Each structure stands twice: as structure tokens, then as C-alpha cells.
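Enquirer: Take 84 as the starting number for the sequence shown in the working numbering and just add one per residue.
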Amino acid sequence: MTSSIQTLGELRKAHGSSPRPGGVKQEIRDNLMRKLRAGEPLFPGIIGYDDTVIPQLVNAVLSRHNFILLGLRGQAKSRILRALVDLLDDAVPVMPGCEIHDDPLAPICRACRNRVADEGDRLPIAWLPREGRFVEKLATPDVTIADMVGDIDPIKAAQGGLDLGDELTMHYGLLPRANRGIFAINELPDLAGKIQVGLFNILQEGDVQIKGYPIRLRLDVLLVFTANPEDYTARGKIITPLKDRIGSEIRTHYPTSRENAVAITAQEAWTSRAGGLKVQIPDYVRHVVEEVAFQARSDRKVDRRSGVSQRLPISTLELVVSNAERRALANGETLVVPRVTDVYAALPSITGKFELEYEGELRGAEQIARDLIRAAVGNVFSGMFEGADTKTVVEWFDLGGSLPMSDATAGDALVASTKSVQGLRDLVQRTGLAPGAPAPAVASAIDFVLEGLYAQKKISRNEDRYTAGAEPAPRRPSRREEAAMEEEIRIPGGNKKKYYN
Ligand SMILES: [Zn+2]
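1. Check the DSSP bridge columns for T90 and list the partner residues they point to.
2. Pull up the distance between the alpha-carbon of V532 and that of R394, whole angstroms please.
3. Have a look at G515 and G105 and give me their C-alpha separation to the nearest angstrom.
4. Could you give the residue range of the alpha helix (DSSP H) that holds E500?
5. Taking one C-beta from the region 163 to 172 and one from the region 346 to 366 each time, how about it: are there three or more such pairs within less than 8 Å?
6. What's the gap between the Cα of V375 and the Cα of Q539?
7. How is G105 classed by DSSP in three states: helix, strand or coil?
8. Mind checking which residues open and close the beta strand (DSSP E) that includes K220?
9. Use the C-beta contact count for A524: other C-beta atoms within 10 angstroms, 16 or more gives buried, fewer gives exposed.
10. Collect the residues with a C-beta less than 6 Å away from any heavy atom of ligand 1 and give them in sequence order along the chain.
11. Between the beta-carbon of G390 and the beta-carbon of G157, is there less than 8 Å?
12. How long is the line joining the alpha carbons of L94 and I88, rounded to whole angstroms?
13. Determine whether the beta carbon atoms of V371 and T348 lie at a separation below 8 Å.
14. Secondary structure at M231, three-state DSSP: helix, strand or coil?
15. Using the rule of at least 16 other Cβ atoms within 10 Å of the residue's Cβ for burial, across every protein chain shown, is H336 buried or exposed?
16. DSSP three-state label for I321, please.
17. Please classify L119: is it buried, with 16 or more other beta-carbons within 10 angstroms of its beta-carbon, or exposed?
18. Is I333 closer than 8 Å to F308 when the C-beta atoms are compared?
19. Can you tell me whether DSSP reads T309 as helix, strand or coil?
20. Counting C-beta neighbours from all protein chains within 10 Å, is the total for A556 16 or more, i.e. buried, or is it exposed?
21. Please report the straight-line C-alpha distance between R193 and R383, rounded to a whole angstrom.
22. Please name the residue, chosen from Y549, T550, N414, that lies closest to A522 on a Cα-to-Cα basis.
23. Relative to the alpha-carbon of Q378, which residue among L188, Q505, V463 has its alpha-carbon at the smallest distance?
24. Where DSSP assigns a beta bridge to K361, which residues make up the other side?
25. To the nearest angstrom, how far is the alpha carbon of S146 from that of I208?
26. So, for W31: in the same chain, excluding its five sequence neighbours on each side, which residues have a beta-carbon less than 7 Å away from its beta-carbon?
27. By Cβ distance below 8 Å, which residues in the same chain neighbour I191 in space, the five residues on each side in sequence not counted?
28. If V420 sits next to S489, beta carbons under 8 Å apart, how far is it from one beta carbon to the other, in whole angstroms?
29. Could you tell me which of F437, I529, S500 sits nearest to R508, measuring between CA atoms?
30. Threshold first: 4 residues or longer. Then list the alpha helix (DSSP H) segments lying entirely within the region 420 to 469, N to C.
31. Beta-carbon separation of L221 and L258 under 8 Å?
32. Answer yes or no: do L486 and Y549 have a C-beta to C-beta separation smaller than 8 Å?
33. Is the region 261 to 277 in contact with the region 220 to 238, if contact means three or more CB pairs nearer than 8 Å?
34. Where does Q279 fall in DSSP's three states?
35. Nearest to H148 by CA position, among E214, V304, H98, is which residue?
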């Protein structure tokens with residue numbers, strides 16, 4: 084359809100007198116089929132779901148289902164729902180001024196029906212772009228039927244001499260305003276039972292009771308939801324008839340690979356900043372930031388039911404870049420190269436993004452976050468430096484060497500202070516440092532190597548220095564580690580090796 088059509092008469096001439104059968108769900112299905120045939124990308128910007136979530140989503144749309152996305156926080160659920168807008172037509176014809184976007188070919192409200200009867204083919208029509216056809220609501224227990232469906236204004240009714248059940252006396256809620264579009268309700272289980280009943284009634288029967296008055300509204304809406312899986316399956320959280328009407332339950336998940344996670348964060352985090360500084364983020368910093376989230380998701384001190392959002396690495400990376408910017412500005416550098424130690428400066432974005440189990444509470448959020456960062460560094464470092472000879476550097480420390488540690492040190496100063504450490508420059512090359520790399524980049528690579536050795540407990544560090552030896556006061560080993568140690572001791576032959584991580 085084109086928006087050159089301006090009157091009901093022209094619309095009828097171009098498209099016939101009856102509305103499109105199947106409504107909005109058919110429209111989305113048609114557009115999806117066209118995209119599938121053309122091999123167009125379906126949900127650009129949704130990373131890591133190609134073989135899992137997206138095929139199920141496509142099937143749900145092809146089936147014209149209302150559906151729900153079940154997943155923990157920060158799994159791109161809302162983003163997927165918003166992306167459905169791309170599957171709507173560019174614009175649809177609507178009755179001008181109608182709050183529920185009535186179709187001029189088949190208006191459902193009394194006022195629009197009256198206008199069509201009065202003005203006929205001369206009636207001017209308007210065009211509603213696809214962006215105006217998506218309504219989103221976060222469910223909370225205090226959402227009322229008035230918010231969702233609408234309310235009746237008895238004074239207006241009395242003044243107009245109208246029947247209270249007449250639509251002209253109604254203030255429309257969110258659902259009617261989503262008519263001919265997509266209505267997304269986030270965290271569905273938080274919606275009170277009677278509101279769920281109201282939703283169900285209007286979708287199933289086309290009518291609803293408001294303050295005892297029957298209201299009839301034949302809405303055309305694609306209804307989509309999100310929920311935490313445990314809340315959704317908990318008994319009594321969702322009324323059965325509504326659950327019954329949800330055609331598909333689709334499970335979302337966190338990134339399964341660190342590469343995917345890096346790609347998501349690169350897309351979402353605000354790191355290309357104006358201000359005269361050039362930001363260059365090394366891959367190992369990106370990987371450490373993601374690994375913090377992976378570690379948190381598998382740490383039993385962190386509550387798994389509430390999950391660890393992908394927003395954790397996203398805002399962490401932003402703070403990491405900011406900390407590096409701060410250092411560059413203070414030292415008059417124009418090149419900003421974040422370091423692994425900058426991740427510690429991002430504690431404020433980490434501690435708020437997970438819930439702790441009891442054992443975690445005892446240890447404290449900040450200490451947990453520090454443990455996670457160290458484990459993440461160790462993991463990324465081990466992967467990258469597998470088989471590397473770290474002995475020479477460790478010996479330098481064992482022979483009494485020590486280095487200052489501060490995230491405020493300028494790149495060239497850090498490089499200069501580590502010149503005498505034998506074997507360090509060779510190790511640093513393994514980070515993929517380009518030949519002739521500028522000082523801030525070399526400094527970042529050195530920082531990564533030192534933090535890596537510290538994470539592997541080959542050297543130790545306190546607040547401001549790296550020195551020889553393992554940690555003076557090791558943290559209490561977890562039960563799993565204790566089990567691993569016991570196993571280690573039982574190995575015959577007495578060839579015990581020390582356990583790192
Ligand atoms: Zn209307």
C-alpha cells in the first residue's frame with residue numbers, strides 16, 4: 084500500500100472494500116515469508132540466536148501465534164520483541180484521530196463507524212507508520228484494568244446522554260491503543276490475576292467487563308510476552324486460559340561462546356567517543372570483560388535463578404574505557420588503551436548486576452566481584468599463553484624483583500619501569516601486539532601479562548606492587564576445589580603438582 088492514497092474512496096478503489104484477512108498476524112507472516120524467500124537477514128543485531136531462538140521465533144510467526152519469550156534478565160528478550168516492528172508494513176491506513184487506529188475499511192469504534200457512514204468515500208484517511216504500532220508495558224502488580232483495557236467515564240456518558248456501555252464513554256487503555264499492532268508485556272507473571280483474565284477475555288471473546296458494564300472491542304493485536312522461566316512455570320502465576328492462548332514458549336539464553344558475547348558487547352557498549360581521544364580496546368580486555376560474566380553465571384555464590392545480565396559486560400566495558408580515558412587525560416596521552424587492571428575500576432557496574440547466595444553474602448559483593456575478575460583474567464590468560472615459558476619472568480620476581488602497580492601510570496612510564504624484567508617483552512608479544520606499537524598499547528599488554536601471572540598465582544600483588552610468591556593469605560577454597568585437591572593428593576606416584584584455578 085502506498086501513502087499517496089488520501090481518501091476512503093481511493094483506498095476502496097485500490098484495495099477493495101474489505102480489510103486484509105487475518106489482520107496483523109497475517110501481515111507479519113506475509114512480510115516474514117517475503118524476507119525468508121529473499122534470504123534477507125531476519126533480526127539484525129540479535130547475535131548468537133541463529134540456531135536456537137530465531138528458528139523458533141520464525142515458526143511462531145508463521146503459525147500466527149501469540150508467544151512468550153522465557154529467559155533470565157539481559158537475554159535480549161525486549162530487543163527481540165521490538166525487532167518484530169521490522170516485520171510490519173511500512174504504513175497502514177487508519178481513521179484520522181482514532182485512538183485505537185481503526186481501519187477505515189472496517190472501523191470498530193462507534194465514532195469511526197458514524198464518520199464512515201456520514202462521509203463515505205470522501206472521508207480523508209491517515210497513514211500510520213510501523214513504529215507507531217508497537218506498545219510495550221512492563222507488568223507490575225499495581226497495573227489496573229483501567230491501565231490495560233480502559234475505563235468508563237460516567238460523567239461524559241451522562242452529559243452525552245449515552246449508554247454507559249457505549250464506547251464513546253471510554254478512556255482507552257494500552258491494549259486497545261495497540262490495536263492493529265503489537266502489544267508486548269514484559270514480565271507477564273507480575274500481572275495480577277484479574278488483569279490476566281481481562282486480557283484473555285478481550286482477546287478470546289472480544290469483550291470485557293469494566294465496572295460491571297460489558298464493553299465490546301474486537302481488537303486485532305499480536306500479543307507477545309516475556310517472563311522469567313521459573314516465575315512462569317510456578318503454579319498459579321499465570322491463569323490457565325491465558326497460558327492456553329499463548330501458542331509458543333520460546334527459551335532464550337546467554338551467549339554460548341565468548342566470541343558471541345564479545346560481539347554483543349561491542350555492538351551495545353558506548354565506546355566510540357568523541358573528545359579528541361582515540362580509543363583502542365585490545366581483544367584480551369574484551370575477553371576478560373566477557374569472562375567476568377561467564378564466571379559469575381557459573382559461580383555458585385551467585386544466584387542463578389535471577390541470572391547475570393549481558394548488561395554486566397556492556398556497562399563494565401564502558402567503565403573500563405572511561406578509566407583508561409581518565410588515565411590518558413591525566414597523563415596527556417591521546418591514545419586510550421584500556422588495561423586489564425581497569426576492569427577493577429568497573430566494580431561499581433559489576434556488584435549491582437547479580438544477586439548473591441547466602442555464602443556470597445558472607446563474602447560480600449565487592450570481594451566476589453574481585454574474585455570473578457581475577458578468575459576471568461586467569462582463564463583468558465591461560466587460553467592465550469598456553470605452553471608459554473613464563474619461568475624467566477617469575478624468576479625475576481623470585482630473585483627479589485618487584486614492580487609498582489597503579490592504573491594511573493602513564494603508558495611510557497609503565498614500559499620504562501618494566502624494561503629490566505627479563506623475558507617480559509617476549510611474553511608480551513604473545514598478546515598480538517603490533518611491531519612498533521605505541522606505549523599505551525605496550526603498557527596494556529604488560530599489564531595483562533602481570534595480571535595473568537598473578538591470577539595463576541605465580542606472582543603475588545598487594546594494593547600497589549607485584550612481588551614474588553603466591554598469595555600470603557589465600558582465600559578459603561570452595562568445596563569443589565577442596566574435592567579437586569583431595570583427588571590430587573590421591574594420585575599415585577607422588578607426582579603432585581600445584582593447582583591453579
Ligand atoms: Zn475509531
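Just so you know, even glycine gets a beta-carbon here, dropped at the ideal spot from N, CA and C.
Remember, predicted model here, so these are calculated numbers, not experimental data.
Expert: For this structure:
1. Here residue 90 is taken as the residue at index 7 of the sequence shown, counted from 1. Within the DSSP secondary-structure output, T90 pairs in a beta bridge with P207.
2. Against the sequence shown, residue 532 aligns to sequence position 449. Against the sequence shown, residue 394 aligns to sequence position 311. The alpha-carbon separation between V532 and R394 amounts to approximately 27 Å.
3. In the sequence shown, the residue the question calls residue 515 occupies position 432. In the sequence shown, the residue the question calls residue 105 occupies position 22. Answer to the nearest angstrom: the Cα atoms are 56 Å apart.
4. Indexing the sequence shown from 1 puts residue 500 at position 417. First, the amino acid is wrong: residue 500 is Ser here, not Glu. Unbroken alpha helix (DSSP H) run through S500: 494 to 500.
5. Contact between the region 163 to 172 and the region 346 to 366 is absent, because fewer than three Cβ pairs lie under 8 Å.
6. In the sequence shown, residue 375 corresponds to position 292, counting from 1. In the sequence shown, residue 539 corresponds to position 456, counting from 1. Taking the straight line joining both Cα atoms gives about 16 Å.
7. Taking the first residue of the sequence shown as position 1, residue 105 is located at position 22. Coil.
8. By one-based count along the sequence shown, residue 220 stands at place 137. Taken as a continuous stretch (DSSP letters only), the beta strand (DSSP E) holding K220 covers 217 to 221.
9. Within the sequence shown, residue 524 is the residue found at index 441, counting from 1. A residue is called buried once 16 or more other Cβ atoms fall within 10 Å of its Cβ, and A524 is buried on that count.
10. Those residues, listed in chain order, are M178, C181, I183, D185, P190, C192, A194, C195.
11. As a position in the sequence shown, residue 390 is number 307, starting the count at 1. As a position in the sequence shown, residue 157 is number 74, starting the count at 1. A contact, by the Cβ cut-off of 8 Å.
12. Along the sequence shown, one-based indexing puts residue 94 at 11. Along the sequence shown, one-based indexing puts residue 88 at 5. Their Cα atoms are separated by approximately 6 Å.
13. Taking the first residue of the sequence shown as position 1, residue 371 is located at position 288. Taking the first residue of the sequence shown as position 1, residue 348 is located at position 265. For the pair V371 and T348, the CB atoms are not nearer than the 8 Å cut-off.
14. Translated into the one-based positions of the sequence shown, residue 231 becomes position 148. Here M231 sits in helix by DSSP.
15. Looking up residue 336 in the sequence shown gives position 253. Around the CB of H336, fewer than 16 other CB atoms lie within 10 Å, so the residue is classed as exposed.
16. Here residue 321 corresponds to residue number 238 of the sequence shown, with the count starting at 1. The DSSP-derived three-state label of I321 is coil.
17. Sequence index remark: in the sequence shown, residue 119 carries index 36 (1-based). The residue is exposed, with fewer than 16 neighbouring Cβ atoms inside 10 Å.
18. The residue you call residue 308 lines up with position 225 of the sequence shown. The residue you call residue 333 lines up with position 250 of the sequence shown. Result no, Cβ atoms of F308 and I333 do not sit closer than 8 Å.
19. By one-based count along the sequence shown, residue 309 stands at place 226. If DSSP states are grouped into helix, strand and coil, T309 belongs with the strands.
20. If you number the sequence shown from 1, residue 556 lands on position 473. With a pLDDT of only 46 at A556, under 50, the local geometry of the prediction cannot be trusted, and no value is derived from it.
21. Counted from its first residue, the sequence shown places residue 193 at position 110. Counted from its first residue, the sequence shown places residue 383 at position 300. One C-alpha to the other measures close to 59 Å.
22. For the purposes of this step, residue 522 is taken as the residue at position 439 of the sequence shown. Among Y549, T550, N414, the Cα nearest to that of A522 is on N414.
23. Stepping through the sequence shown from its first residue, residue 378 is reached at position 295. The residue with the shortest Cα to Cα distance from Q378 is V463.
24. Counting from one through the sequence shown, the residue named residue 361 turns up at place 278. BP columns for K361 point to L418.
25. Here residue 146 refers to the residue found at position 63 of the sequence shown. Here residue 208 refers to the residue found at position 125 of the sequence shown. Taking the CA atoms as reference points, S146 sits about 31 Å from I208.
26. For residue 31 there is no data in the structure shown, the boundaries of the chain being 84 and 584.
27. Stepping through the sequence shown from its first residue, residue 191 is reached at position 108. Counting only residues of its own chain and dropping the five nearest sequence neighbours on each side, I191 has a CB closer than 8 Å to the CB of I183, D185, N262, L300, R301, L302.
28. Along the sequence shown, read from residue 1 onward, the residue named residue 420 stands at position 337. Along the sequence shown, read from residue 1 onward, the residue named residue 489 stands at position 406. Approximately 16 Å separates the beta-carbon atoms of V420 and S489; this is outside 8 Å, ruling out the contact.
29. Indexing the sequence shown from 1 puts residue 508 at position 425. Of the candidates F437, I529, S500, I529 places its Cα closest to the Cα of R508.
30. Given a length threshold of 4 residues, each whole run of the alpha helix (DSSP H) inside the region 420 to 469 is given here in chain order: 430 to 433, 441 to 446, 448 to 467.
31. Numbered from 1 along the sequence shown, position 138 holds the residue referred to as residue 221. Numbered from 1 along the sequence shown, position 175 holds the residue referred to as residue 258. L221 places its beta carbon 8 Å or farther from that of L258.
32. The residue you call residue 486 lines up with position 403 of the sequence shown. The residue you call residue 549 lines up with position 466 of the sequence shown. Contact annotation: L486 and Y549 have beta-carbon atoms nearer than 8 Å.
33. Enough Cβ pairs lie closer than 8 Å, so yes.
34. For the purposes of this step, residue 279 is taken as the residue at position 196 of the sequence shown. Reduced to three states, the DSSP call for Q279 is helix.
35. Translated into positions along the sequence shown, residue 148 becomes position 65. Per the Cα distances, V304.
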